[in-house]
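Student:
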Amino acid sequence: MNEPEIPDEVPRGKTFQITARMVRRCMPGEVRGLVLGLLLLLVASGATLLQPWPVKIVIDSVIGKITPPALVQWFTALFQNSDSAGHSGIALLTLLCVGLLLIELIMGACHVFSSYVLNSVALRMVFKLRCALFDHVQRQSLAFHDAKAVGDSLYRITWDSYCIQAIFSEGLMPALTSGLTLLGIAVVMLKLDWHVTAAALAVAVPLIILVRRFDRPMTEQSLRVHEYESDVSTRVQETLVGIRAVQAFGREQFESDRFRSQASASLLASLRLTVLQTASQAIVGLVLAAGTAAVIWFSARGVLLGRLTAGDLVLLVAYVAMIFKPLETLAYTAAAVQNAAAGAHRVLTVLDSQPDVTDAPNAKNLSGRARGEIIFDSVSFGYQANQPVLRELSLTIAPGSTIALVGTSGAGKTTLASLIPRFYDPLKGGIKFDGCDLRDLTLKSLREQIALVTQDPILFCASIRENIAYGRPGATQEEIEAAARAAGAHEFIERLPEKYDARVAERGLTLSSGQRQRLAIARAFLKDAPVLILDEPTSALDAETEERLVQTLEKLMKGRTTIIIAHRLSTVRCADRIVVLQNGRIAESGPHAELLARDGLYARLHQLQFGEPPTATAEAAL
Numbered sequence: 270m271n272e273p274e275i276p277d278e279v280p281r282g283k284t285f286q287i288t289a290r291m292v293r294r295c296m297p298g299e300v301r302g303l304v305l306g307l308l309l310l311l312v313a314s315g316a317t318l319l320q321p322w323p324v325k326i327v328i329d330s331v332i333g334k335i336t337p338p339a340l341v342q343w344f345t346a347l348f349q350n351s352d353s354a355g356h357s358g359i360a361l362l363t364l365l366c367v368g369l370l371l372i373e374l375i376m377g378a379c380h381v382f383s384s385y386v387l388n389s390v391a392l393r394m395v396f397k398l399r400c401a402l403f404d405h406v407q408r409q410s411l412a413f414h415d416a417k418a419v420g421d422s423l424y425r426i427t428w429d430s431y432c433i434q435a436i437f438s439e440g441l442m443p444a445l446t447s448g449l450t451l452l453g454i455a456v457v458m459l460k461l462d463w464h465v466t467a468a469a470l471a472v473a474v475p476l477i478i479l480v481r482r483f484d485r486p487m488t489e490q491s492l493r494v495h496e497y498e499s500d501v502s503t504r505v506q507e508t509l510v511g512i513r514a515v516q517a518f519g520r521e522q523f524e525s526d527r528f529r530s531q532a533s534a535s536l537l538a539s540l541r542l543t544v545l546q547t548a549s550q551a552i553v554g555l556v557l558a559a560g561t562a563a564v565i566w567f568s569a570r571g572v573l574l575g576r577l578t579a580g581d582l583v584l585l586v587a588y589v590a591m592i593f594k595p596l597e598t599l600a601y602t603a604a605a606v607q608n609a610a611a612g613a614h615r616v617l618t619v620l621d622s623q624p625d626v627t628d629a630p631n632a633k634n635l636s637g638r639a640r641g642e643i644i645f646d647s648v649s650f651g652y653q654a655n656q657p658v659l660r661e662l663s664l665t666i667a668p669g670s671t672i673a674l675v676g677t678s679g680a681g682k683t684t685l686a687s688l689i690p691r692f693y694d695p696l697k698g699g700i701k702f703d704g705c706d707l708r709d710l711t712l713k714s715l716r717e718q719i720a721l722v723t724q725d726p727i728l729f730c731a732s733i734r735e736n737i738a739y740g741r742p743g744a745t746q747e748e749i750e751a752a753a754r755a756a757g758a759h760e761f762i763e764r765l766p767e768k769y770d771a772r773v774a775e776r777g778l779t780l781s782s783g784q785r786q787r788l789a790i791a792r793a794f795l796k797d798a799p800v801l802i803l804d805e806p807t808s809a810l811d812a813e814t815e816e817r818l819v820q821t822l823e824k825l826m827k828g829r830t831t832i833i834i835a836h837r838l839s840t841v842r843c844a845d846r847i848v849v850l851q852n853g854r855i856a857e858s859g860p861h862a863e864l865l866a867r868d869g870l871y872a873r874l875h876q877l878q879f880g881e882p883p884t885a886t887a888e889a890a891l
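Residues 270 to 891 (my numbering) are what the sequence shown spells out, left to right.
(1) Going by the CB atoms, is the gap between residue 387 and residue 437 shorter than 8 Å?
(2) Helix, strand or coil for residue 786? Go by DSSP, reduced to three states.
(3) Could you check if residue 582 belongs to the surroundings of the ligand SAH, using beta carbon to heavy atom distance under 7 Å?
(4) Out of curiosity, what's the CA-to-CA distance linking residue 415 and residue 589?
(5) Between the stretch 815–828 and the stretch 836–854, are three or more C-beta pairs nearer than 8 Å?
(6) Nearest-angstrom Cα distance between residue 829 and residue 799?
(7) Is it the case that the stretch 420–436 contacts the stretch 393–403, given that we only count it when at least three CB pairs across the two stretches are under 8 Å?
(8) Please state whether DSSP places residue 356 in a helix, a strand or coil.
(9) Taking all protein chains shown into account, do 16 or more other C-beta atoms lie within 10 angstroms of the C-beta of residue 834, making it buried, or fewer, making it exposed?
(10) Give every residue of the same chain whose Cβ lies closer than 6 Å to the Cβ of residue 634, excluding the five residues on either side of it in the sequence, and list them in chain order.
(11) Can you tell me where the beta strand (DSSP E) holding residue 645 begins and where it ends?
(12) Closest to residue 309 by C-alpha separation, out of 296, 446 and 745, would be which residue?
(13) Per DSSP, residue 625 is paired with what?
(14) Would you mind sorting residue 330 into buried or exposed? The rule is 16 or more other CB atoms within 10 Å of its CB.
(15) Mind checking which residues open and close the alpha helix (DSSP H) that includes residue 774?
(16) Could you have a look at residue 417 and say whether DSSP puts it in helix, strand or coil?
(17) Between the C-alpha atoms of residue 595 and residue 496, what's the straight-line distance to the nearest angstrom?
(18) Can you check which of these residues, 668, 867 and 376, is closest to residue 826 by C-alpha distance?
(19) Just the Cα atoms here: how many angstroms apart are residue 442 and residue 611?
(20) Tell me which residue opens and which closes the beta strand (DSSP E) that residue 410 is part of.
(21) Identify every residue that forms a DSSP beta bridge with residue 240.
(22) Does the contact criterion of 3 or more C-beta pairs under 8 Å hold for the stretch 763–777 versus the stretch 682–700?
(23) Could you check the C-alpha separation between residue 315 and residue 548 for me, to the nearest Å?
(24) Three-state secondary structure (DSSP) at residue 288?
(25) Quickly, what does DSSP pair residue 676 with across the bridge? List them, please.
(26) Starting from the C-beta of residue 756, find all residues in its chain whose C-beta is less than 7 Å away, skip the five residues before and the five after it, and write them out in chain order.
(27) What separation, rounded to the nearest whole angstrom, lies between the Cα atoms of residue 420 and residue 413?
(28) Would you report the Cα separation of residue 631 and residue 709, rounded to the nearest angstrom?
(29) Can at least three beta-carbon pairs, one atom from the stretch 462–475 and one from the stretch 569–580, be found at a separation below 8 Å?
(30) So, for residue 648: in the same chain, excluding its five sequence neighbours on each side, which residues have a beta-carbon less than 6 Å away from its beta-carbon?
(31) Please classify residue 325 as buried or exposed, where buried requires at least 16 other C-beta atoms within 10 Å of its C-beta.
(32) How is residue 804 classed by DSSP in three states: helix, strand or coil?
(33) I believe residue 592 touches residue 469 by the beta-carbon criterion, under 8 Å. Please report the beta-carbon distance rounded to the nearest angstrom.
(34) For the stretch 453–526, list the beta strand (DSSP E) runs that are entirely contained and at least 3 residues long, ordered along the chain.
(35) If you check the beta carbons only, do residue 753 and residue 762 fall under 8 Å apart?
(36) Apart from the five residues just before and just after residue 365, which ones in its own chain have a Cβ nearer than 7 Å to its Cβ?
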């Protein structure tokens, strides 16, 4: 079957739509924090507008002879006593300096608190987005994970999820603050002199053109950086997971060279992005410098013509510095949003992908303990189009019976077993479980009836107790120990310093193969499911350990519908029926002795492994 390819290219002109979708997705529950942060930013913007006014009044009314504004006169009179009546200039100067400090204090406090509030909101959004990504990825069908590298999914969850923080902290919030400041300054400047205001705002036109010119290249390059970083993450993950093979074959230098190659590609992509960003910033700086020169020229001309005061000149120049800062911020914000949109697109493509295997709208729960009857009816399946693995296969597995699946590599043994818990759905035909089509049952209730023991036991970085109870978290200590005893694991666990509280290293590497397998079998014992799938559970073990584990597995299989997948035919002799697969079809089936007597494919496989003539072996079996 084919998992739909997830496109990682940001659609042309879709930066705004992608950003808006991400914001809408993360917004619920954060409105109050955003409103509080915006109110604080609004106060800070207002204080910013007042910042240059004390200096203007000092120049015009303390040094010069222009009457100060009425409000300033009232405050001056309020704090001036009769003894200082002759020193009104000093009182006014003192008041203006105190006012300047208060304005800075208000600005600073509002910026600190708004930064805390808005960053808290952004980080909570990152948390929610990460959780949503993790939940969505682990619920994807195995076809999704077959097609995607683990490192790529890891990078999207751990790093691309920060796109929402970048959108708010480096995009929307600075843009909103700059927009409010820009609007306020433009209104005040228009009242002072429209010529100067027009010269200042004229800069916005080339800035917009520049932003649009650099939009697409920076978005595309940013996406390349994300992809290369994902490749680097995948390379590190694969190398560390396979570190034993790397060291055993002396391939450290080879892996280092491969890592350097991918890391250098990421470095070059990042450098190209940096060149684009710095080039856009340099051009923006040049445009702003031209705007500043024009404003100074018009302002000074206004003073020479008597249209403006010296204080107005200082105020306008200060506002020009302020108005160009928001314009510059808006230009840089566009680059930040484009970069974040690349990560947001990678996140949304995962969240938009739907699993192949889902519950039907009217799916029902299996009630009670299943009998364990499984019927394959003309089942066909393939991982890739036009490459079938199973072909029109029909098979009935009776409740409580043991079926062994054997055959050469690629015959379809593991694939057949993987269809039972609905890791995949057949392309044709159907599978019934206790008379119900698998697709009519909920995945949760179906999988609760199945225990799985694989060739490479999956253990987690947790205590031995937690690993055994993974399929039944509410189990008591007595039940866990009973399962461990049944699996022959209790003795080695008791020899550990921390016993059942001992931590299992990643992938259980501090335990032997036999110990890991016994923990997996103990997990199956504890789950006590009516259906048991054993996928080559002893293939990685030595003969002595295998013999002991086979005895343990026979206890586990008793009273359960069991499907054994095996290359080692010594482990399938106890099966009620052996099903031999060849090219996705059943070549033959029957008990061990009967198949040997037929002198067919099973007999040939048996002879290849044991070197005994089929006839002699069949007579010995009988």
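Built from N, CA and C at the ideal position, the CB exists for glycine as well.
Tutor: Answer, in terms of the structure:
(1) Contact flag set, yes.
(2) Helix.
(3) This structure lacks the ligand SAH; in fact it carries no ligand of any kind.
(4) Between the C-alpha atoms of residue 415 and residue 589 there is a straight-line separation of about 57 Å.
(5) They touch, by the three-pair rule.
(6) Their Cα atoms are separated by approximately 5 Å.
(7) The stretch 393–403 is in contact with the stretch 420–436.
(8) Model confidence at residue 356 stands at a pLDDT of 45, short of 50, so the residue's coordinates are unreliable; what they give is reported in the following sentence. It is helical.
(9) Burial of residue 834 is indicated by the presence of at least 16 other C-beta atoms within 10 angstroms of its C-beta.
(10) Same-chain partners within the cutoff: 711 and 714.
(11) That run of the beta strand (DSSP E) goes 643–650.
(12) Per the Cα distances, 446.
(13) The partner list for residue 625 (beta bridge, DSSP) is empty, contrary to what the question assumes.
(14) Counting Cβ neighbours within 10 Å, residue 330 comes out buried, since at least 16 surround it.
(15) If you look at residue 774, you'll find it isn't in any alpha helix (DSSP H); DSSP assigns it neither H nor E.
(16) DSSP places residue 417 outside both helix and strand once states are collapsed to three, so it counts as coil.
(17) Distance between the alpha carbons of residue 595 and residue 496 is about 32 Å.
(18) For the residues 668, 867 and 376, the minimum Cα distance to residue 826 belongs to 668.
(19) The straight-line gap from Cα to Cα measures roughly 19 Å.
(20) Where residue 410 is concerned, there is no enclosing beta strand (DSSP E), because DSSP gives it neither an H nor an E.
(21) Residue 240 falls outside the range modelled here, since the chain spans only 270 to 891, and no answer is possible.
(22) No: fewer than three Cβ pairs fall under 8 Å.
(23) Looking at the two C-alpha atoms, the distance is approximately 33 Å.
(24) Collapsing the DSSP output to three states places residue 288 in a helix.
(25) In DSSP, residue 676 forms a bridge with 850.
(26) Correct list, in chain order: 787, 790, 791, 794 and 821.
(27) For residue 420 and residue 413, the distance between alpha carbons rounds to 14 Å.
(28) Cα to Cα, residue 631 sits roughly 7 Å from residue 709.
(29) As far as the Cβ criterion goes, the stretch 462–475 touches the stretch 569–580, which means the pair count is three or higher.
(30) 659, 662, 695 and 698, listed in sequence order.
(31) Burial check for residue 325: the Cβ neighbour count within 10 Å reaches 16 or more, so the residue is buried.
(32) Note: residue 804 maps to strand in three-state DSSP.
(33) Their Cβ separation, rounded to whole angstroms, is 5 Å, which keeps residue 592 and residue 469 in contact under 8 Å.
(34) List check, beta strand (DSSP E) in window: nothing returned.
(35) Cβ distance < 8 Å, so residue 753 and residue 762 count as in contact.
(36) These residues qualify, in order along the chain: 323, 326 and 327.
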